[in-house]
Structures are given as C-alpha cells and as structure tokens.
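In terms of UniProt numbering, the sequence shown has 2 at position 2, counting the first letter as 1, and numbering is strictly consecutive.
Read the structure below first, then the notes.
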Amino acid sequence: MYADKNEIEWLLFESGISVKDIYTESGVARTTVIDLINKTSSIDKMRFDNAVKLTKMAKMRKNLYENK
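As structure tokens, then:
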C-alpha cells in the first residue's frame, strides 16, 4: 500500500471526475473529498487509508483512459 500525492491531485483537480463518482468509487467520505477539493483540508495531512484509496482510484482511472 502506498499513497501518491501527484495521483491524488490529478484525480481531484485535473481528471474532471465528479465528486459523487470519486466518493462513491473510492470509498472516501463525501465531506472529505469536498474538503480536499475546496482545500479546507490538506492532502499532506489526510489519513493514510484515504490517501491510499484515492491513489488506487486515480491509477485505475488513468489506466482506463490510456487503454481507450
């Protein structure tokens, strides 16, 4: 298990994936996702388990885009 800040930033700020899709697919709480996007919470200070979930989702989504 590992977390990658660059992957998380891509998912939250560049991917265009909706908040609903992110929290539904990743399993991270809706409020956490919103706080990260609004920068009221820091990616650097988020719980490791949530960072792992968001990294995993980002990698899966990037693979989908690359394999189209």
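Even glycine gets a Cβ: it sits at the ideal position worked out from N, Cα and C.
Cα-Cα separation between residue i and residue j, rounded to whole angstroms
i: Glu25; j: Ile17; result: 11 Å
i: Ala29; j: Lys20; result: 10 Å
i: Asn67; j: Lys39; result: 31 Å
i: Thr32; j: Ile43; result: 10 Å
i: Asp4; j: Ile22; result: 16 Å
i: Lys45; j: Tyr65; result: 29 Å
Of the residues the options, the one placed nearest residue i, counting alpha carbons only
i: Tyr2; options: Asn50, Phe13, Lys39 and Asn63; result: Asn50
i: Glu14; options: Ala58, Leu64 and Gly27; result: Ala58
Sequence-distant residues of the same chain with beta carbon closer than 7 Å to residue i, five excluded per side
i: Asp35; result: Ser41
i: Lys53; result: Ser26, Gly27 and Val28
Helix, strand or coil at residue i according to DSSP, with G and I counted as helix
i: Val28; result: coil
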